[in-house]
Amino acid sequence: MIWETVIGLEIHAELYTKTKIFCSCSTSFGNAPNTQCCPVCTAMPGALPTLNKQVPELALKAGLALGCTVTKHTKFDRKNYFYPDLPKAYQISQLYAPILRNGHLTIFTDNSEKDIRISEIHMEEDAGKLIHDNESGISKIDYNRCGVPLIEIVTAPDFRTAAEVTSFIEELSAILRYTNVCDCKMQEGSLRVDVNLSVRPEGTELLGTRTEMKNLNSIKAISRAINFEAERQIAILRQGGKISQETRRWDDDKGISTSMRTKENANDYRYFPEPDLPPIVIEEAYLSALKDSLPELPQAKRQRYIAKFGLTPYEATMISNRKSLAEFFEKTLALCNDPKEVSNRLLGDGLKMLNETGLNIEDSFITPDKLALLIDKTNKKTLTRQQSKEIFELCFTKSIDIEQYILEKGLCPITNTDTISEAVKNTLLKHPDTVKEYLSGKTKVFGFLVGQTMRSLKGSADPALVNNILKEQLNLLQNNE
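Here this note's numbering is used: the first residue of the sequence shown is 209, the next is one more, and so on.
Printed below as a string of structure tokens:
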């Protein structure tokens with residue numbers, strides 16, 4: 209029997225506001241525990257919430273970018289549950305009239321497109337954070353996150369593979385960053401994903417019993433958790449067992465999911481309308497202004513990069529999905545008008561340095577004018593590609609005046625044909641076996657000989673001259689045989 213995996217997502221995105229949803233406490237990340245709390249977000253008796261007007265504004269921006277229908281008369285509800293990180297013993301959320309419904313997002317996997325339905329987007333406040341100390345067996349509570357504004361994006365069960373899910377998260381994150389709704393720093397918990405997963409025999413319509421894996425906070429963890437949980441459920445069903453509807457915790461270190469509790473239903477939370485907050489009425493003029501304020505979104509930008517600049521779909525996607533990288537690309541392009549080379553630099557040396565340093569490109573010392581200058585000097589052959597690459601990497605982590613650096617280091621390409629000819633001769637003498645292979649017809653070794661010559665000249669020679677002189681000397685050897 210072939211099994212099909214069915215997946216739906218609940219994505220919690222912290223909104224990019226300076227203060228919390230119902231009070232003026234800071235939302236900044238990383239401060240000392242329990243220093244960003246007040247009577248409102250810790251539910252002291254008599255404290256009343258006041259809605260931060262940025263919250264519905266950012267929720268609406270996300271919904272408009274995702275093609276959602278707006279609920280013109282929306283309101284908050286109380287979701288009651290008892291947990292140590294929720295001092296109110298209830299969460300202000302939305303059940304009966306979520307602010308947004310019926311959106312969609314197109315994803316791209318294996319050169320194909322697929323529309324994923326978004327059932328709803330609702331506003332709510334975040335809970336605190338439990339910090340578990342495994343050595344002492346003690347759990348501590350940090351209430352700083354209580355009251356941080358969230359939107360919860362709920363999808364239909366339209367996913368079938370981990371690849372589809374990760375593509376969706378990447379596309380969604382790009383949209384949320386472009387609209388300044390959420391910074392999507394999964395490592396800081398500002399974007400967290402709950403995965404609802406079931407399996408069923410392929411070709412059937414009836415959904416299987418689902419489990420929910422909570423608070424996954426990296427693309428890698430999401431993919432691993434989906435693959436593990438699907439295999440776990442299939443193994444149970446093949447042995448004649450039944451799947452329990454439950455909430456499970458993903459342990460990324462061990463690569464397994466473990467049971468936390470049975471899965472609650474809506475009636476377990478005893479929802480009722482929030483009595484301390486009035487309904488929200490959204491006017492058409494306000495919506496129109498928000499629509500007009502939306503930037504060019506990633507998919508539109510991607511199409512423009514392909515049509516106007518000749519980038520491949522892969523290049524256009526890799527650049528457009530990162531707002532800061534797209535801005536850097538366009539600013540550099542305005543200075544040097546060489547889209548392919550700018551793209552190559554950013555997706556080659558740029559991504560390498562981003563991964564190695566952990567910096568965002570806007571936090572590095574490289575700037576569009578410095579990259580444009582390096583590209584110009586490389587194109588004019590006043591710097592070799594290797595020299596340009598090395599300077600780019602230095603500029604990433606240090607503030608360097610490129611012209612001064614070139615002057616101090618005496619960097620200029622070796623174009624003297626006698627010097628290059630001598631280096632080529634030495635390479636041929638050092639690698640006689642490789643020369644024999646070339647002369648016998650194995651021309652693929654030519655690249656090795658070029659590389660050895662460039663290395664002997666410390667990467668400072670004009671590669672075109674090295675190629676030409678090497679070919680001439682090899683041809684002479686061929687003719688003398």
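In this text, a Cβ means the ideal position worked out from N, Cα and C, and glycines have one as well.
Open item on the list: Strictly by DSSP, which residues pair up with T314?
Closed with: In the DSSP output, where bridge partners are listed per residue, T314 has D323.
- [ ] Count the other C-beta atoms from every protein chain shown that fall within 10 angstroms of the C-beta of R553, then say buried if there are 16 or more, exposed otherwise.
- [x] Taking a 10 Å sphere around the C-beta of R553, we find 16 or more other C-beta atoms and assign the residue as buried.
Task: Distance, K509 Cα to A433 Cα - done: Answer to the nearest angstrom: the Cα atoms are 32 Å apart.
Open item on the list: Under 8 Å: do the stretch 482 to 498 and the stretch 353 to 371 share three or more Cβ pairs, one atom per stretch?
Closed with: Result no; under three Cβ-Cβ pairs closer than 8 Å.
Task: Closest by C-alpha distance to I488, when choosing among K428, G649 and P264 - done: Closest option to I488, Cα to Cα, is P264.
Open item on the list: For I324 and I315, what's the separation of their Cα atoms in angstroms?
Closed with: So the alpha carbons of these two residues sit roughly 7 Å apart.
TODO: Return helix, strand or coil for Y477, following the three-state DSSP convention.
DONE: Y477: helix per DSSP, three-state reduction.
Open item on the list: Taking the alpha helix (DSSP H) that Y298 belongs to, which residues open and close that run?
Closed with: Looking at the DSSP string, Y298 is not in any alpha helix (DSSP H); the run it does join, the beta strand (DSSP E), is Y298 to S301.
Task: Length of the line joining the Cα atoms of T258 and C249 - done: Rounded to the nearest angstrom, the two C-alpha atoms are 11 Å apart.
TODO: Pick helix, strand or coil for K638, following the three-state DSSP scheme.
DONE: Note: K638 maps to helix in three-state DSSP.
Task: Sequence-distant residues of its chain with Cβ nearer than 7 Å to K597 (five each side left out) - done: D557.
- [ ] Please work out which residues of its chain come closer than 6 Å, Cβ to Cβ, to A297, disregarding the five sequence neighbours upstream and downstream, and give them in chain order.
- [x] Within the same chain, A297 has close Cβ partners F290.
Task: Y386 and P295 closer than 8 Å at C-beta - done: The Cβ atoms of Y386 and P295 lie no closer than 8 Å to each other.
Task: Length of the line joining the Cα atoms of G271 and I329 - done: In this structure, the straight-line span from the alpha carbon of G271 to that of I329 is close to 7 Å.
TODO: Determine, using beta carbons only, whether I702 and P292 come nearer to each other than 8 Å.
DONE: The structure shown has nothing for residue 702, since the chain only spans 209 to 689.
Open item on the list: Suppose you measure from the CA of I614 to the CA of T590; what does that come to, to the nearest Å?
Closed with: About 10 Å.
- [ ] Determine the DSSP secondary structure at K196, reduced to helix, strand or coil.
- [x] As displayed, the chain neither begins before 209 nor continues past 689, which places residue 196 out of reach and without an answer.
Open item on the list: Run through the DSSP bridge pairs and tell me what I215 is partnered with.
Closed with: Within the DSSP secondary-structure output, I215 pairs in a beta bridge with F367 and L405.
Open item on the list: Within 10 Å of its beta-carbon, does E439 have 16 or more other beta-carbons around it, so buried, or fewer, so exposed?
Closed with: Result: exposed.
Task: Spatially closest choice to S232 from W211, Q262 and E212, by CA coordinates - done: For S232, the nearest C-alpha among the options comes from Q262.
Open item on the list: Quick check: T279 and I307, are their CB atoms within less than 8 Å of each other?
Closed with: When the beta-carbon positions are compared, T279 and I307 come within less than 8 Å of each other.
Open item on the list: Bridge partners for N288 per DSSP, in chain order?
Closed with: Beta-bridge pairing links N288 to Y298.
Open item on the list: With a threshold of 8 Å on Cβ separation, who are the neighbours of N260 within its own chain once the five nearest residues in sequence on each side are excluded?
Closed with: The answer, listed in chain order, is T225, T227, K228, I229, F230 and P357.
Open item on the list: So, with DSSP's three-state summary, where would you put A542?
Closed with: Correct three-state label for A542: helix.
Task: Residue from Y494, F536, N545 and L505 whose Cα sits closest to the Cα of K516 - done: In this structure, N545 is the residue among Y494, F536, N545 and L505 with its C-alpha nearest to the C-alpha of K516.
- [ ] At 3 residues or longer, and completely inside the stretch 452 to 540: list those beta strand (DSSP E) runs for me, N to C.
- [x] Restricted to the stretch 452 to 540, the beta strand (DSSP E) segments that are unbroken, complete and at least 3 residues in length are 454 to 459 and 464 to 470, listed in chain order.
Task: Three CB pairs or more closer than 8 Å across the stretch 418 to 427 and the stretch 399 to 409 - done: The stretch 418 to 427 vs the stretch 399 to 409: in contact.
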